[in-house]
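**Student:** My questions all concern the structure below.
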Amino acid sequence: PTIAELNKVKKKNIVEYLKELEAEKKLEVVHTEDPFAADVRAMLEAKKTESKEESDKKKKKKRKATINICPNCSKIMMGSKKKCPSCGFVLF
Numbered sequence: 005p006t007i008a009e010l011n012k013v014k015k016k017n018i019v020e021y022l023k024e025l026e027a028e029k030k031l032e033v034v035h036t037e038d039p040f041a042a043d044v045r046a047m048l049e050a051k052k053t054e055s056k057e058e059s060d061k062k063k064k065k066k067r068k069a070t071i072n073i074c075p076n077c078s079k080i081m082m083g084s085k086k087k088c089p090s091c092g093f094v095l096f
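Quick note: the sequence shown, position 21, residue 25 per the working numbering, numbers continuous.
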C-alpha cells in the first residue's frame, strides 16, 4: 500500500474494534481468571522457597581457606595447622 492509501484507511480505537469483534462473533466469557494462573503462582512460590533454601546451603558451604607460611622454612601450608609438616616448627 502507498502512503496515500494508508492515509485513507480509517483509524479505529482498539477498544471499539474489540467490541465490534465481540459483537460479530458473539463471544462469551467462559473463564474470568486463567485456570493455569494458580499453577504458575504455585510454581513461582515453590521456586522462591527453593532459592531461599539454596542460598542458605551456599552460605553454609562457603568456607575461607587459611594459608599460612612457616616462618622457619618458608613452606606454604593450607589449613590451620599448629606445626609445620616440613620442619616441625611450632606455629602460634
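Using N, Cα and C, we set each Cβ at its ideal position, and we do this for glycine too.
(1) Near N76, which residues of its chain fall below 6 Å by C-beta distance, leaving aside the five closest residues on each side in sequence?
(2) Given S84, which residues of its chain have a CB within under 7 Å of its CB, disregarding the five upstream and five downstream residues?
(3) If you draw a straight line from the alpha carbon of T6 to that of L22, how long is it in whole angstroms?
(4) Alpha carbon to alpha carbon, how far is A8 from A41? Give it in angstroms, no decimals.
(5) Please list the terminal residues of the continuous beta strand (DSSP E) segment that includes N72.
(6) Alpha carbon to alpha carbon, how far is K51 from V44?
(7) Are C88 and M81 close, meaning C-beta to C-beta below 8 Å?
**Tutor:** Let me spell this out:
(1) Walking along the sequence shown from the start, residue 76 turns up at place 72. Within the same chain, N76 has close Cβ partners C91, F93.
(2) Residue numbering aside, residue 84 sits at position 80 when the sequence shown is read from its first letter. The residues are T70.
(3) In the sequence shown, counting from the first residue as 1, residue 6 sits at position 2. In the sequence shown, counting from the first residue as 1, residue 22 sits at position 18. Approximately 26 Å, taken between the alpha carbons.
(4) Position 37 of the sequence shown, counted from the start, is the residue given in the question as residue 41. Position 4 of the sequence shown, counted from the start, is the residue given in the question as residue 8. Using only the alpha carbons, I get a separation of about 45 Å.
(5) Here residue 72 corresponds to residue number 68 of the sequence shown, with the count starting at 1. Note, N72: beta strand (DSSP E), 71-73.
(6) Residue mapping note: residue 51 aligns to position 47 of the sequence shown, counting from 1. Residue mapping note: residue 44 aligns to position 40 of the sequence shown, counting from 1. Each residue's Cα considered, the two are about 11 Å apart.
(7) Position 84 of the sequence shown, counting from 1, holds the residue named residue 88. Position 77 of the sequence shown, counting from 1, holds the residue named residue 81. The answer is yes: Cβ separation under 8 Å.
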